[in-house]
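Student: Heads up: the protein sequence lines correspond to chains H, U, V, C and Z, in order. If you read the first sequence in my numbering, its first letter stands for residue 1, the second for the next number, and so on. If you read the second sequence in my numbering, its first letter stands for residue 101, the second for the next number, and so on. If you read the third sequence in my numbering, its first letter stands for residue 201, the second for the next number, and so on. If you read the fourth sequence in my numbering, its first letter stands for residue 301, the second for the next number, and so on. If you read the fifth sequence in my numbering, its first letter stands for residue 401, the second for the next number, and so on.
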Amino acid sequence: MKPRSMNDEENGRPPDPVDWAVIDVVDYFRTVGFAEQAIAFQEQEIDGKSLLLMTRNDVLTGLSLKLGPALKIYEYHVKPLQTRHLKNNSS
Amino acid sequence: MKPRSMNDEENGRPPDPVDWAVIDVVDYFRTVGFAEQAIAFQEQEIDGKSLLLMTRNDVLTGLSLKLGPALKIYEYHVKPLQTRHLKNNSS
Amino acid sequence: MKPRSMNDEENGRPPDPVDWAVIDVVDYFRTVGFAEQAIAFQEQEIDGKSLLLMTRNDVLTGLSLKLGPALKIYEYHVKPLQTRHLKNNSS
Amino acid sequence: MKPRSMNDEENGRPPDPVDWAVIDVVDYFRTVGFAEQAIAFQEQEIDGKSLLLMTRNDVLTGLSLKLGPALKIYEYHVKPLQTRHLKNNSS
Amino acid sequence: MKPRSMNDEENGRPPDPVDWAVIDVVDYFRTVGFAEQAIAFQEQEIDGKSLLLMTRNDVLTGLSLKLGPALKIYEYHVKPLQTRHLKNNSS
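#1: Identify each residue in the region 224-252 of chain V for which the Cβ-Cβ distance to at least one residue of chain Z is less than 7 Å, and report them in chain order.
#2: Is DSSP giving PRO17(H) helix, strand or coil here?
#3: What is the rounded straight-line gap between the Cα of MET406(Z) and the Cα of THR231(V)?
#4: For LEU63(H), which residues in chain V fall below 9 Å Cβ to Cβ?
#5: Taking C-alpha atoms, which residue in TYR176(U), ILE139(U) and LEU153(U) lies nearest to SER164(U)?
#6: Closer than 8 Å by beta-carbon distance: list the chain D residues that pair up with LYS172(U), in chain order.
#7: What are the boundary residues of the alpha helix (DSSP H) that GLU43(H) is part of?
#8: What are the start and end residues of the alpha helix (DSSP H) that includes TYR128(U)?
#9: Can you give the Cα-Cα distance for GLN342(C) and LYS466(Z), rounded to whole angstroms?
#10: Answer with buried or exposed for ILE46(H), where buried requires no fewer than 16 other C-beta atoms within 10 angstroms of its C-beta.
#11: Rounded to a whole number of angstroms, what is the C-alpha to C-alpha distance between VAL122(U) and PRO80(H)?
#12: Using a beta-carbon distance below 9 Å, is VAL122(U) in contact with chain H?
#13: What whole-angstrom Cβ distance do ASP471(Z) and SER250(V) have, given they're in contact under 8 Å?
#14: Determine the direct distance from the alpha carbon of MET54(H) to that of LEU260(V), and round the result to whole angstroms.
#15: Given PRO428(Z), which residues of its chain have a CB within under 6 Å of its CB, disregarding the five upstream and five downstream residues?
#16: Starting from the beta carbon of ASP458(Z), find every residue of chain C whose beta carbon is closer than 8 Å, and list them in chain order.
#17: Suppose you measure from the CA of GLN482(Z) to the CA of GLU475(Z); what does that come to, to the nearest Å?
#18: Can you tell me which of the three DSSP states SER264(V) falls into?
#19: What number of angstroms, rounded off, separates the C-alpha of GLY468(Z) from the C-alpha of LEU86(H)?
#20: DSSP state of LEU381(C), grouped into three classes?
#21: Can you name, in chain order, every residue of its own chain whose Cβ lies under 6 Å from the Cβ of VAL326(C), other than the five neighbours on each side?
#22: Based on Cα-Cα distance, which residue from GLY148(U), GLY133(U) and GLN144(U) lies nearest to PRO115(U)?
#23: For VAL118(U), collect the residues of the same chain with a Cβ closer than 7 Å to its Cβ; drop the 5 residues on either side in sequence, then sort them by chain order.
#24: Applying the 10 Å Cβ sphere with the 16-neighbour rule, what's the burial state of GLY262(V)?
#25: Hey, could you find the ends of the alpha helix (DSSP H) GLY148(U) is sitting in?
#26: In whole angstroms, give me the CA-to-CA distance for ASN457(Z) and GLN244(V).
#27: Among ASN211(V), HIS277(V) and VAL278(V), which has the Cα closest to the Cα of ASP224(V)?
#28: Roughly how many angstroms lie between the CA atoms of GLU136(U) and TRP320(C), to the nearest whole one?
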């Protein structure tokens, strides 16, 4: 179930992260308060498909982020985005 | 259940670690005998929310601490703080 | 069950990855869009037998790849190749 | 159950590792044939309390020891010391 | 059950890996086609007792080997040697 089309988002990103390009991932983390960390997603070439495959350990050790922000990025953003994607695609 | 208000603590830290800023985390570890290690929490920008998300492995490998103090910091402080937070917020 | 002989493949690689030499592994990843990453398989001397033994963690941390491509290489290629090999050899 | 007092040991170490200072830990490993590796316990400030908290992985990766001796130090010394401590304190 | 005495092996190594010195471990890997990798076992001082304690992860990350050969060394040699040792000593 994808309730919204790709172009009806105010922020310009496709509604489902699976369709995000690397720049959309970077833009997302800038928007939610992790401007300093967002660049790491670009350096590691994380697009939406990769983002949906990331485990907690990948976020904490694979992006060379400081531990404090990394813990919050996974718990408050990566995990919820993955859960939402799974729900939207499970029926 | 949060039995005490944010300002009735003698040490000046909010009672629930979830409300601690990075400086409160640093101050806590200084107070409990890990002055030398406390600075690592500042370097990794660990606030109370991040502290509550830390696993044993995060403490041992993500803070560049010596192994001996790191083992005790996790077992005698981080784990009990997490347990207490969970209990205080579970009813 | 190996339905095709070693030489009837258009791409010149043996049909079962277990028979791939290192150069076949490199060639495979070049063909499927990971030209930049393919060289890492050569550097680590990954032949088909080794490829079939790789876990997700091996792909993410043992090849010095950027995290984004590494996640997709495991999920979309290494894992399916291993599954296909297992199916073809299980009866 | 602590059957012996702290001072009746010939080797001068408290009978229960939980009471060992860092120097006792170092002294123990010197005595049992790991003189070269003992210094690593000092460098990482491992006292008896920390020693009792160490996992196999901590011994193998947190002390910068060569793999061969590390494997034997864990299996033949750290693990038995932990087991003995648990037995002596479980009734 | 140790069906053969220590001296009836053609290759000069004790039949049970538990009795191998570091040089026997090195010699074994040279003999089975991993001459280039054998030296790593010497550098890490792996004797037979340590070899029998090695996990897959120890072989892949603790010997500084290239990933391809490391995967095969564990799967085709270390694991079978451990299994054989267990069988020979379990009744």
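We put the CB at the ideal spot given by N, CA and C, even for glycine. The structure presented is a predicted model; accordingly, all values stated were derived computationally and were not measured.
Tutor: On the basis of the data shown:
#1: The region 224-252 of chain V vs chain Z, Cβ under 7 Å: GLN244, GLU245, ILE246, ASP247, LYS249 and SER250.
#2: Residue numbering aside, residue 17(H) sits at position 17 when the first sequence is read from its first letter. PRO17(H) falls in the helix class under three-state DSSP.
#3: Counted from its first residue, the fifth sequence places residue 406(Z) at position 6. Counted from its first residue, the third sequence places residue 231(V) at position 31. Reliability of the predicted coordinates at MET406(Z) is poor, the pLDDT of 44 falling under 50, and no value is obtained from them.
#4: By 1-based counting over the first sequence, the position of residue 63(H) is 63. Close partners of LEU63(H) in chain V (Cβ separation under 9 Å): LEU267.
#5: Stepping through the second sequence from its first residue, residue 164(U) is reached at position 64. The residue with the shortest Cα to Cα distance from SER164(U) is ILE139(U).
#6: Checking the listed chains, one finds no chain D in this structure; the protein chains it contains are H, U, V, C and Z.
#7: Within the first sequence, numbered from 1, the residue matching residue 43(H) stands at position 43. First-last of the alpha helix (DSSP H) with GLU43(H): 35-43.
#8: Within the second sequence, residue 128(U) is the residue found at index 28, counting from 1. Looking at the DSSP string, the run of the alpha helix (DSSP H) that includes TYR128(U) is 122-131.
#9: The sequence position of residue 342(C) within the fourth sequence is 42, counting from 1. The sequence position of residue 466(Z) within the fifth sequence is 66, counting from 1. Answer to the nearest angstrom: the Cα atoms are 32 Å apart.
#10: As a working note, residue 46(H) is residue 46 in the first sequence. Under the 10 Å beta carbon count, ILE46(H) is surrounded by 16 or more other beta carbons and is classified as buried.
#11: In the second sequence, counting from the first residue as 1, residue 122(U) sits at position 22. In the first sequence, counting from the first residue as 1, residue 80(H) sits at position 80. If you draw a straight line from the Cα of VAL122(U) to the Cα of PRO80(H), it comes to about 24 Å.
#12: The residue you call residue 122(U) lines up with position 22 of the second sequence. Output row for VAL122(U): interface = yes.
#13: Working through the fifth sequence from its first residue, we reach residue 471(Z) at position 71. Working through the third sequence from its first residue, we reach residue 250(V) at position 50. Residue identity check: residue 471(Z) is Leu in the sequence provided, not Asp. About 4 Å; that satisfies the 8 Å criterion.
#14: Stepping through the third sequence from its first residue, residue 260(V) is reached at position 60. Stepping through the first sequence from its first residue, residue 54(H) is reached at position 54. Between the C-alpha atoms of LEU260(V) and MET54(H) there is a straight-line separation of about 11 Å.
#15: Counting from 1 along the fifth sequence, the entry for residue 428(Z) is found at position 28. Note that residue 428(Z) is Tyr in the sequence shown here, rather than Pro. Same-chain partners within the cutoff: there are none.
#16: What you label residue 458(Z) is simply residue 58 of the fifth sequence in a count that begins at 1. Ordered by position in chain C, the residues that pass the 8 Å Cβ test against ASP458(Z) are LEU360, LEU367 and LEU371.
#17: The residue given as residue 482(Z) occupies position 82 in the fifth sequence. The residue given as residue 475(Z) occupies position 75 in the fifth sequence. Cα to Cα, GLN482(Z) sits roughly 11 Å from GLU475(Z).
#18: Position 64 of the third sequence, counting from 1, holds the residue named residue 264(V). In this structure, SER264(V) counts as coil in the three-state DSSP scheme.
#19: Against the fifth sequence, residue 468(Z) aligns to sequence position 68. Against the first sequence, residue 86(H) aligns to sequence position 86. In a straight line, the C-alpha of GLY468(Z) is about 34 Å away from that of LEU86(H).
#20: Position 81 of the fourth sequence, counted from the start, is the residue given in the question as residue 381(C). Helix at LEU381(C).
#21: Within the fourth sequence, the letter at position 26 stands for residue 326(C). Here the set comprises ALA338, PHE341 and GLN342.
#22: For this step, residue 115(U) is matched to residue 15 along the second sequence. Of all alpha-carbon atoms in GLY148(U), GLY133(U) and GLN144(U), the one lying nearest the alpha-carbon of PRO115(U) is that of GLY148(U).
#23: The residue given as residue 118(U) occupies position 18 in the second sequence. Cβ-Cβ distances below 7 Å link VAL118(U) to GLY148, LYS149, LEU152 and HIS185 in the same chain, with the five nearest sequence neighbours on each side left out; the list follows chain order.
#24: Here the question's residue 262(V) lines up with position 62 in the third sequence. When all chains shown are included, GLY262(V) counts as buried.
#25: In the second sequence, counting from the first residue as 1, residue 148(U) sits at position 48. Per DSSP, the continuous alpha helix (DSSP H) segment holding GLY148(U) begins and ends at 148-151.
#26: Here residue 457(Z) refers to the residue found at position 57 of the fifth sequence. Here residue 244(V) refers to the residue found at position 44 of the third sequence. Per the coordinates, the alpha-carbon of ASN457(Z) lies some 16 Å from the alpha-carbon of GLN244(V).
#27: By 1-based counting over the third sequence, the position of residue 224(V) is 24. Among ASN211(V), HIS277(V) and VAL278(V), the Cα nearest to that of ASP224(V) belongs to ASN211(V).
#28: Counted from its first residue, the second sequence places residue 136(U) at position 36. Counted from its first residue, the fourth sequence places residue 320(C) at position 20. Each residue's Cα considered, the two are about 21 Å apart.
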